[in-house]
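As numbered in our numbering, the sequence shown has no gaps in its residue numbers, which increase by one up to the final residue, 201. Virtual Cβ for every residue (Gly too), placed ideally from N, Cα, C. From a predicted model like this one, the values you see are computed outputs, not experimental measurements. First the structure, in the form of structure tokens, and then the observations on it.
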Amino acid sequence: MTITADVINNNGISTIGLGFFTAITAMIGIILPPILKDRSERREIKAKLEELAKLTAETKNNTKPVSNGFAARMDRKLDLLANNQDRLEEMLTEHFAWHLREKENRNG
94 MTITADVINN NGISTIGLGF FTAITAMIGI ILPPILKDRS ERREIKAKLE
144 ELAKLTAETK NNTKPVSNGF AARMDRKLDL LANNQDRLEE MLTEHFAWHL
194 REKENRNG
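Here it is as structure tokens:
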């Protein structure tokens with residue numbers, strides 16, 4: 094008897110059948126872990142998205158709208174400060190230029 098005949102007679106399964114089932118088991122062992130990993134990552138992402146949605150809703154509920162009057166007053170104040178800063182810069186530039194002219198007049 095050959096080895097194949099011994100396997101068939103002793104185990105009751107053929108070598109081809111044993112190879113087929115071994116290949117199927119190996120493929121399941123190779124394919125299944127990434128699928129399970131993807132599922133767990135999806136669950137984590139879903140939980141994070143739900144938490145983010147909850148926090149967003151809480152933020153919307155806790156945020157008070159700013160009235161247009163307040164925003165307009167702040168804009169006017171900021172514009173006034175910017176204009177004053179520009180005027181001060183011009184005045185200082187003129188003053189420093191005057192000092193330079195005076196120094197040149199004394200030396201020249």
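Coil, strand or helix - residue i by DSSP
i	result
K170	helix
K130	helix
T149	helix
K196	helix
K139	helix
T156	coil
Contact test: residue i Cβ vs the ligand SAH heavy atom, cutoff 7 Å
i	result
L185	This structure does not include the ligand SAH; it has no bound ligands of any sort.
Cutoff 6 Å; reference residue i; Cβ partners in own chain excluding five residues on either side
i	result
R194	none
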